[in-house]
Amino acid sequence: MLVACWSTKGGCGTTVVAVSLASVFAATAREAVVADLAGDVPAVVGVPEPSGPGLADWLRAGDAVSADALERLEVPAPGGLRVLPSGAGIDDVPAGRGEVLAALLASDARPVVADCGALPSGARLAVAAAASMSLLVLRPCYLALRRATAFPLRPSGVVLVDEPGRAITVADVEAALGVPVKAKVAVDPTIARAVDAGSFGARIPRRLQRSLRRAA
Numbered sequence: 011m012l013v014a015c016w017s018t019k020g021g022c023g024t025t026v027v028a029v030s031l032a033s034v035f036a037a038t039a040r041e042a043v044v045a046d047l048a049g050d051v052p053a054v055v056g057v058p059e060p061s062g063p064g065l066a067d068w069l070r071a072g073d074a075v076s077a078d079a080l081e082r083l084e085v086p087a088p089g090g091l092r093v094l095p096s097g098a099g100i101d102d103v104p105a106g107r108g109e110v111l112a113a114l115l116a117s118d119a120r121p122v123v124a125d126c127g128a129l130p131s132g133a134r135l136a137v138a139a140a141a142s143m144s145l146l147v148l149r150p151c152y153l154a155l156r157r158a159t160a161f162p163l164r165p166s167g168v169v170l171v172d173e174p175g176r177a178i179t180v181a182d183v184e185a186a187l188g189v190p191v192k193a194k195v196a197v198d199p200t201i202a203r204a205v206d207a208g209s210f211g212a213r214i215p216r217r218l219q220r221s222l223r224r225a226a
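In our numbering, the protein residues as written are 11 to 226.
1) Alpha carbon to alpha carbon, what distance is there between Val44 and Ala133?
2) Can you tell me the Cα-Cα spacing of Arg176 and Arg149, whole angstroms?
3) Counting C-beta neighbours from all protein chains within 10 Å, is the total for Gly72 16 or more, i.e. buried, or is it exposed?
4) Using 10 angstroms around the beta-carbon of Arg40, count the other beta-carbons present and answer buried if the total reaches 16, otherwise exposed.
5) Hey, could you find the ends of the alpha helix (DSSP H) Val29 is sitting in?
6) Can you check whether the CB of Ala141 is closer than 9 angstroms to the CB of Gly90?
7) For Met11, which beta-bridge partners are listed by DSSP?
8) Using only the heavy atoms of the ligand PLP, determine whether one of them is closer than 8 angstroms to the beta carbon of Arg213.
9) Would you mind giving the Cβ-Cβ distance between Asp46 and Val93, rounded to the nearest angstrom? I have them listed as a contact below 8 angstroms.
10) Express the C-alpha separation of Leu146 and Asp182 in angstroms, rounding to a whole number.
11) Exposed or buried, Arg220, counting other C-beta atoms within 10 Å across all chains shown (16 or more means buried)?
12) Taking the runs of the beta strand (DSSP E) that are 3 residues or longer, which of them lie wholly in the segment 69–140?
13) How many whole angstroms separate the CB atoms of Phe210 and Val54, which I take to be in contact at a CB cut-off of 8 angstroms?
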């Protein structure tokens with residue numbers, strides 16, 4: 011199973027949602043993979059930035075590199091997570107190789123969550139389009155919702171990162187996009203503090219995990 015998390019605007023919390031969703035899967039499957047197509051997953055889970063090759067290198071290598079080489083790229087992370095690091099130049103990889111990557115990730119026996127960041131990008135867009143479930147991470151912001159309605163990729167559902175005082179509701183989002191809000195998560199300053207401290211991967215708030223179980 012491959013779940014892609016993406017947004018059309020930076021700062022929506024896509025990486026935090028992707029890592030948290032992977033941890034929900036890992037709690038039952040013992041292990042889950044986070045494919046980092048945006049570049050921030052190691053920092054969020056609190057592991058050193060990988061110095062070796064990553065997904066960008068595998069994608070650029072084309073047919074010259076075997077499919078099982080993906081597993082050799084994995085970096086262990088807290089909570090039963092395995093991170094596939096992005097590598098350098100992920101933005102420059104064409105869409106065609108992204109489709110190959112999506113098919114391989116979807117065939118993995120373990121749950122895989124791809125952090126596709128703020129689209130567009132050739133490989134990121136291809137993975138998000140081919141995923142078993144494509145989740146748009148969205149803040150209840152008029153500009154973000156406006157951009158999402160005009161975007162050519164239609165998600166399977168939405169993870170709404172709720173902020174106090176916003177006028178846009180779940181019903182508004184569902185009416186505008188024509189897809190269900192799969193989960194609603196509250197903005198929580200303890201999450202930002204955990205990310206800043208490098209401890210988020212080991213201490214993902216249970217409230218956040220509970221909110222995302224509906225989307226899993």
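Every residue gets a Cβ at the ideal spot worked out from N, C-alpha and C, and that includes glycine. Remember, it's a predicted structure, so these values are computed and weren't measured experimentally.
In terms of the structure at hand:
1) Here residue 133 refers to the residue found at position 123 when the sequence shown is read from its first residue. Here residue 44 refers to the residue found at position 34 when the sequence shown is read from its first residue. Rounded to whole angstroms, Ala133 to Val44 spans 16 angstroms at the Cα level.
2) Residue mapping note: residue 176 aligns to position 166 of the sequence shown, counting from 1. Residue mapping note: residue 149 aligns to position 139 of the sequence shown, counting from 1. In a straight line, the C-alpha of Arg176 is about 9 angstroms away from that of Arg149.
3) Working through the sequence shown from its first residue, we reach residue 72 at position 62. Its Cβ having fewer than 16 others within 10 Å, Gly72 is exposed.
4) In the sequence shown, counting from the first residue as 1, residue 40 sits at position 30. Counting Cβ neighbours within 10 Å, Arg40 comes out exposed, since fewer than 16 surround it.
5) Position 19 of the sequence shown, counted from the start, is the residue given in the question as residue 29. In the DSSP assignment, Val29 falls within the alpha helix (DSSP H) that extends over Thr24 to Ala39.
6) Taking the sequence shown and counting its residues from 1, one reaches residue 90 at position 80. Taking the sequence shown and counting its residues from 1, one reaches residue 141 at position 131. Not closer than 9 angstroms, so no.
7) Numbered from 1 along the sequence shown, position 1 holds the residue referred to as residue 11. According to DSSP, Met11 bridges with nothing at all.
8) What this structure holds is no ligand at all, so the ligand PLP is not there to describe.
9) Stepping through the sequence shown from its first residue, residue 46 is reached at position 36. Stepping through the sequence shown from its first residue, residue 93 is reached at position 83. About 6 angstroms; that satisfies the 8 angstroms criterion.
10) Looking up residue 182 in the sequence shown gives position 172. Looking up residue 146 in the sequence shown gives position 136. Straight-line Cα distance between these residues: approximately 15 angstroms.
11) Position 210 of the sequence shown holds residue 220. So Arg220 ends up on the exposed side.
12) You should have 85–87, 91–94 and 122–128.
13) The count along the sequence shown starts at 1 and reaches residue 210 at position 200. The count along the sequence shown starts at 1 and reaches residue 54 at position 44. By a beta-carbon distance limit of 8 angstroms, Phe210 contacts Val54. Their separation comes to about 6 angstroms.
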